[in-house]
Amino acid sequence: MNKYALFFDIDGTLVSFKTHQIPPSTIQALTQAKANGHKVFIATGRPPLIITNLGAIEHLIDGYVTINGALCFIGEEIVRCKEIAPKYAQLAVEDAQEKGYGLIVIGENDVAVLDPNGEVDRIFRQELAVNNLNEAKPLNLVLRQRILQLTAFFTEDYETRLMPRIPGCISGRWHPAFTDITAQGADKGKGILAMAAHLGLDPQYTMAFGDGGNDTAMIKAAGVGVAMGNALDSLKQVADYTTTSVDDDGILNALRHFHLISSVPTKTADNTSISH
Numbered sequence: 000m001n002k003y004a005l006f007f008d009i010d011g012t013l014v015s016f017k018t019h020q021i022p023p024s025t026i027q028a029l030t031q032a033k034a035n036g037h038k039v040f041i042a043t044g045r046p047p048l049i050i051t052n053l054g055a056i057e058h059l060i061d062g063y064v065t066i067n068g069a070l071c072f073i074g075e076e077i078v079r080c081k082e083i084a085p086k087y088a089q090l091a092v093e094d095a096q097e098k099g100y101g102l103i104v105i106g107e108n109d110v111a112v113l114d115p116n117g118e119v120d121r122i123f124r125q126e127l128a129v130n131n132l133n134e135a136k137p138l139n140l141v142l143r144q145r146i147l148q149l150t151a152f153f154t155e156d157y158e159t160r161l162m163p164r165i166p167g168c169i170s171g172r173w174h175p176a177f178t179d180i181t182a183q184g185a186d187k188g189k190g191i192l193a194m195a196a197h198l199g200l201d202p203q204y205t206m207a208f209g210d211g212g213n214d215t216a217m218i219k220a221a222g223v224g225v226a227m228g229n230a231l232d233s234l235k236q237v238a239d240y241t242t243t244s245v246d247d248d249g250i251l252n253a254l255r256h257f258h259l260i261s262s263v264p265t266k267t268a269d270n271t272s273i274s275h
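The following block contains the structure:
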């Protein structure tokens, strides 16, 4: 059996939007995949500071593509770091301050939060179960660092008006309330290819799993792209395969479909059989 490097989005792929947990079947599937010699990577729009919901599988993870591919690392080793040009970062910050919308400014080491309407706190804490934004640093401190991402809380209509003003940047939306802005050339697709090159892996044997708009680049770039059953229709259209939803054993079913794990029933933590 060929060994694959498996890249997983977090929200809506590994972690349920309903429970904010990793389903037991997913934990079992990744445990078996790892035992079978496949590598497990995270590919997320989240910066490292707010990757707080992977405790159940943390011991299985070989590396991280974070901030939509702007920061990739294995342990303490940085594989890729792609910054937004300072002039574009400053323009976006000034625009958020002038227009009064929420903005998360993600630096190389720290995060700052502009939240004039409380929407950043509401969506990240209540919908995404991120409870450590209180660890954010002052904006002036973060702006001294390399800026890797700007998470802007505005509509798709306003997005089409702002982006031409920051031509060195691209936008990847995975939630209706906000979009992730990164430097041109920073996306999950380039992130997973950089990780594969660094590890000497044939891109043909990469497999990516996602559900949102910011997963499109990696679904296209991977040797095999898998869309979750709860994914956007636009993502399903470019995927090689669509599995069931995150809440309906989607990861387990996909890994079985591609014969990366066995089809025999597995056991959950409470000793309940999972079989299909």
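For the sequence shown, numbering that gives the first Met the number 0 begins at 0 and goes up steadily by one.
Ideal Cβ placement from N, Cα and C applies to all residues, glycine included.
Quick one: measure Cβ to Cβ for residue i and residue j, integer angstroms, because I've assumed they're closer than 8 Å.
i      : j      : result
Ala221 : Lys235 : Going by Cβ atoms, the distance from Ala221 to Lys235 rounds to 15 Å, so no, they are not a contact pair.
Lys187 : Ala216 : 5 Å
Leu254 : Ala28  : 5 Å
Leu48  : Asn131 : 7 Å
Ala195 : Pro202 : 5 Å
Ile77  : Leu147 : Actually they do not touch by this definition, with Cβ atoms about 11 Å apart.
To which residues of the same chain is residue i closer than 6 Å at the C-beta, ignoring the five residues directly before and after it?
i      : result
Lys189 : Gly68
Pro85  : none
Lys266 : Because Lys266 carries a pLDDT of 48, less than 50, the predicted location of this residue cannot be relied on, and no value is offered for it.
Leu138 : Ala111
Can you give me the start and stop residues for the alpha helix (DSSP H) that residue i sits inside?
i      : result
Glu57  : Note, Glu57: premise wrong, no alpha helix (DSSP H); not H, not E.
Val314 : Here the chain comprises residues numbered 0 to 275, so residue 314 is not present and cannot be evaluated.
Ala32  : 23–34
Ile191 : 187–198
Have a look at the DSSP bridge pairing and note the partners of residue i.
i      : result
Asp179 : Thr150, Gly171
Arg79  : Cys71
Tyr63  : Ile41, Phe72
Met279 : Since the first residue of the chain shown is 0 and the last is 275, residue 279 is not available in this structure.
Val14  : Asp10
Tyr240 : Val225
Could you please give the first and the last residue of the uninterrupted beta strand (DSSP E) stretch that includes residue i?
i      : result
Ala4   : 4–7
Val112 : 110–113
Val39  : 38–42
Leu102 : 102–106
Suppose the cutoff is 7 Å on Cβ atoms and the five residues either side in sequence are ignored; what does the same chain contact list for residue i look like?
i      : result
Gly184 : Lys81
Ala95  : Leu102, Leu113, Ala151
Just to confirm my understanding: we take residue i, look at its own chain, exclude 5 residues before and 5 after, and list those with CB closer than 8 Å. What are they?
i      : result
Ile361 : Residue numbering for the chain in the displayed model covers 0 to 275; residue 361 lies beyond these limits and cannot be assessed.
Lys17  : Asp246
Is there contact here, the segment 94–101 with the segment 32–51, by at least three beta-carbon pairs under 8 Å? no
When the Cβ atoms of the segment 111–129 are set against those of the segment 62–78, are three or more pairs found closer than 8 Å? no
Contact the segment 193–212 vs the segment 146–154: 3+ CB pairs below 8 Å: With contact defined as three or more Cβ pairs closer than 8 Å, the segment 193–212 and the segment 146–154 are not in contact.
Please determine if the segment 235–251 and the segment 21–39 are in contact, where contact requires at least 3 C-beta pairs separated by less than 8 Å. yes
Tell me, please, whether the segment 6–16 touches the segment 34–41 by the rule of three or more beta-carbon pairs shorter than 8 Å. Yes, the segment 6–16 touches the segment 34–41.
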